[in-house]
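Read in full-length UniProt numbering, the sequence shown has 48 at position 48, and its numbers run on one by one without any break. Backbone N, C-alpha and C define an ideal beta-carbon position, used for all residues, glycine too. Predicted, not measured: the structure shown is a model, and the values here were computed from it.
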Amino acid sequence: MSKSWCPIIDYNRCCECGKCVNKCRQGVYDKSKMPKPIVIYPQGCIQGCHGCGNLCPEKAITYEGDNGNKMNRRRMF
């Protein structure tokens, strides 16, 4: 079974506050690129966790694998 849960950042909305990077303790984000949230270890993201997304003031984080209506299927790089 492959893991399909990971944060997707909409860089058009992101204000680069760094709250998401500071929140995550799973090593999902590249801390050397602070405050810009760069996902480097998506498999570290905990299934169902919305910790970083809940902190985002711009609501720029959605999750691949989330079956909710707010799913953003386009990856923003």
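Only residues of its own chain outside the window of five on either side were considered, and among them Tyr41, Gly44 have a CB closer than 7 Å to the CB of Gly27, listed in chain order. Tyr63 counts as buried, since at least 16 other C-beta atoms from the protein chains shown sit within 10 angstroms of its C-beta. Note that the C-beta distance between Ile9 and Ile46 is not below 8 Å.
For the set Cys14, Val39, Arg25, Leu55, the Cα lying nearest the Cα of Cys6 is the one of Val39. Partner residues in the beta bridge of Pro7, as assigned by DSSP, are Tyr63.
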